[in-house]
Amino acid sequence: IIQDAVEFARLGLVIVDEQHRFGVAQRLALRAKARNAAEGARDFQPHQLMMSATPIPRTLAMTYYADLDVSTIDELPPGRTPILTKLISDARREEVIGRVREAALTGRQVYWVCPLIEESETLQLQTAVETYETLVAALPELNVGLVHGRLAPAEKAEVMDAFTRNEVQLLVATTVIEVGVDVPNASLMVIEHAERFGLAQLHQLRGRVGRGSAASVCVLLYTGPLSITARARLQTMRETTDGFEIARRDLEIRGPGEFLGARQSGAAMLRFADLEQDGWLIEPAREAAAHLLEKYPDVVTQHLARWLGAREQYLKA
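Take 1 as the starting number for the sequence shown in UniProt numbering and just add one per residue.
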């Protein structure tokens with residue numbers, strides 16, 4: 001629906017689910033369609049509802065700085081159990097495979113997630129195909145499935161349906177299972193090369209387990225040595241399952257990016273303020289801005305033109 005060829009008659013409400021999966025330019029393009037539909041009304045803006053389990057750094061920072069109303073759902077759905085997260089070195093892979101066998105033989109199901117489909121010339125990582133072959137050989141008593149983005153939709157659906165019916169006990173997958181997969185009987189997840197994933201993606205993947213009443217475990221299998229940033233990400237995953245706390249730490253680790261640009265993480269472009277050190281100033285600054293807009297709109301317009309140019313549109317994405 002973001003493509004140029006798609007036109008709306010009267011677009012008044014935009015709901016963006018999994019907001020962290022979209023770029024700034026994509027969100028702006030959808031807003032522009034609403035403006036075009038309003039017979040060229042330049043100031044027309046649709047209502048927006050953005051939803052995310054783990055807001056990316058720029059989005060979380062915008063909840064602090066921008067004029068956004070925020071609602072937080074901070075409890076698990078009924079019947080869900082907290083997920084225990086463990087960090088385990090790749091050197092203990094055989095132990096993890098043994099844990100997978102035990103879980104499957106007690107009637108539970110398991111995900112094993114890999115970052116790549118096939119071998120790469122530049123990255124020395126375990127691939128989904130290689131891992132699938134290894135696990136089929138190591139666990140002959142289990143039915144092992146493989147799903148990744150290069151499968152035809154019908155093949156992918158067939159494997160996922162078999163997993164849903166518990167005909168497949170162990171599913172080797174890439175991140176195609178990140179969203180839209182609900183198998184309550186799956187209570188163990190192993191994420192291969194967890195140090196290669198971002199926090200939002202790790203949290204989304206982990207959310208595939210813990211959907212039933214059984215205690216669930218997520219094993220983050222990592223290969224050392226870890227960088228300082230990778231260690232901070234994995235420790236965050238071990239310490240909390242709260243999506244907004246994970247987002248806050250992601251903001252600390254990566255920075256908020258550009259409020260007046262498309263970069264969604266990295267060092268902030270603010271000249272004076274710092275989100276962490278000067279957080280107490282945000283509310284007074286917001287009140288002062290409202291006062292200036294009401295009393296001195298012409299001065300505000302000149303100020304914005306001086307500092308923002310035509311970039312204020314980015315604050316709407």
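The beta-carbon is built from N, C-alpha and C at its ideal position, and this holds for glycine as well.
Reference LEU142; option with closest CA among ALA103, LYS156 and GLU294: Numbered from 1 along the sequence shown, position 142 holds the residue referred to as residue 142. Measuring from the Cα of LEU142, the nearest candidate turns out to be ALA103.
LYS33, buried or exposed, once every other Cβ within 10 Å from all chains shown has been counted against 16: Position 33 of the sequence shown, counted from the first residue, corresponds to residue 33. By the C-beta density criterion, LYS33 is buried, having at least 16 other C-beta atoms within 10 angstroms.
Measuring CB atoms only, is the segment 131-148 touching the segment 103-112, in the sense that at least three cross pairs come out at less than 8 Å? A contact is defined here as three or more CB-CB pairs under 8 Å, and the segment 131-148 meets this definition with respect to the segment 103-112.
Rounded to a whole number of angstroms, what is the C-alpha to C-alpha distance between GLU283 and LEU293? Stepping through the sequence shown from its first residue, residue 283 is reached at position 283. Stepping through the sequence shown from its first residue, residue 293 is reached at position 293. If I take the Cα positions, the gap works out to 15 Å.
Residues bridged to GLY145 (per DSSP): Residue 145 sits at position 145 when you count from the first residue of the sequence shown. In DSSP, GLY145 forms a bridge with LEU171.
Could you have a look at LEU220 and say whether DSSP puts it in helix, strand or coil? Stepping through the sequence shown from its first residue, residue 220 is reached at position 220. Strand at LEU220.
Rounded to whole angstroms, what's the CA-CA distance from ALA137 to PRO77? Just pull it up for me. Sequence index remark: in the sequence shown, residue 137 carries index 137 (1-based). Sequence index remark: in the sequence shown, residue 77 carries index 77 (1-based). Counting only the Cα atoms, PRO77 lies some 38 Å from ALA137.
Nearest-angstrom beta carbon gap, PRO46 and LEU13 [assumed within contact, 8 Å]: Taking the first residue of the sequence shown as position 1, residue 13 is located at position 13. Taking the first residue of the sequence shown as position 1, residue 46 is located at position 46. The beta-carbon distance between LEU13 and PRO46, rounded to whole angstroms, is 6 Å. This is short enough to meet the 8 Å contact definition.
Is ILE88 near VAL217, with beta carbons less than 8 Å apart? Counted from its first residue, the sequence shown places residue 88 at position 88. Counted from its first residue, the sequence shown places residue 217 at position 217. In this structure, VAL217 does not lie closer than 8 Å to ILE88 by Cβ.
Distance between beta carbons of MET51 and VAL16, contact taken as under 8 Å: As a position in the sequence shown, residue 16 is number 16, starting the count at 1. As a position in the sequence shown, residue 51 is number 51, starting the count at 1. Contact between VAL16 and MET51 holds, with the beta-carbon distance rounding to 7 Å and staying under 8 Å.
Who are HIS47's beta bridge partners in DSSP? To locate residue 47, count along the sequence shown from 1; it is residue 47. Bridge partners of HIS47: LEU13.
Close beta carbons around LYS156, own chain, < 6 Å, minus the five adjacent residues each side: As a position in the sequence shown, residue 156 is number 156, starting the count at 1. When the five nearest sequence neighbours on each side are left out, the beta carbons in the same chain lying within less than 6 Å of the beta carbon of LYS156 are those of VAL147, in order along the chain.
Should the segment 152-171 be called in touch with the segment 82-97, which here means at least 3 C-beta pairs below 8 Å? The segment 82-97 and the segment 152-171 do not touch, with fewer than three beta-carbon pairs separated by less than 8 Å.
Let's see if you can read the secondary structure: which residues bound the alpha helix (DSSP H) around ALA103? As a first step, residue 103 must be located in the sequence shown, where it is residue number 103. Segment 93-105, the alpha helix (DSSP H) holding ALA103.
Determine the extent of the beta strand (DSSP E) in which residue 332 is found, giving its start and end residues. The question about residue 332 has no answer here: the residues shown for the chain are numbered 1 through 317.
For HIS20, I'd like the list of residues in its chain whose CB is within less than 7 Å of its CB, leaving aside the five on either flank, ordered along the chain. Here residue 20 is taken as the residue at index 20 of the sequence shown, counted from 1. So the list reads SER52, THR54, PRO55, ILE56, THR59 and ALA200, once near-sequence residues are dropped.
Quick one: give me the first and last residue of the alpha helix (DSSP H) that TYR132 is part of. The residue labelled residue 132 in the question sits at position 132 within the sequence shown. 128-138 is the extent of the alpha helix (DSSP H) around TYR132.
Bridge partner(s) assigned by DSSP for LEU116: By 1-based counting over the sequence shown, the position of residue 116 is 116. Its beta-bridge partners are THR127.
Classify ILE177 as helix, strand or coil using the three-state DSSP reduction. The sequence position of residue 177 within the sequence shown is 177, counting from 1. Looking at ILE177 - three-state DSSP - the assignment turns out to be helix.
Between VAL183 and the rest of its own chain, which residues show a CB-CB distance below 8 Å, the 5 nearest in sequence each way excluded? The residue labelled residue 183 in the question sits at position 183 within the sequence shown. Taking C-beta separations shorter than 8 Å and ignoring five residues to either side along the sequence, the partners of VAL183 in its chain run GLN109, PHE163, THR164, ARG208 and ARG211, following chain order.
On the CB-based measure, 16 or more other CB atoms within 10 Å of its CB, does THR174 come out buried or exposed? Here residue 174 refers to the residue found at position 174 of the sequence shown. If you draw a 10 Å sphere on the C-beta of THR174, you find 16 or more other C-beta atoms in it, and that means buried.
Exposure of SER71, with buried meaning 16 or more beta-carbon neighbours within 10 Å: Taking the first residue of the sequence shown as 1, we reach residue 71 at position 71. Exposed.
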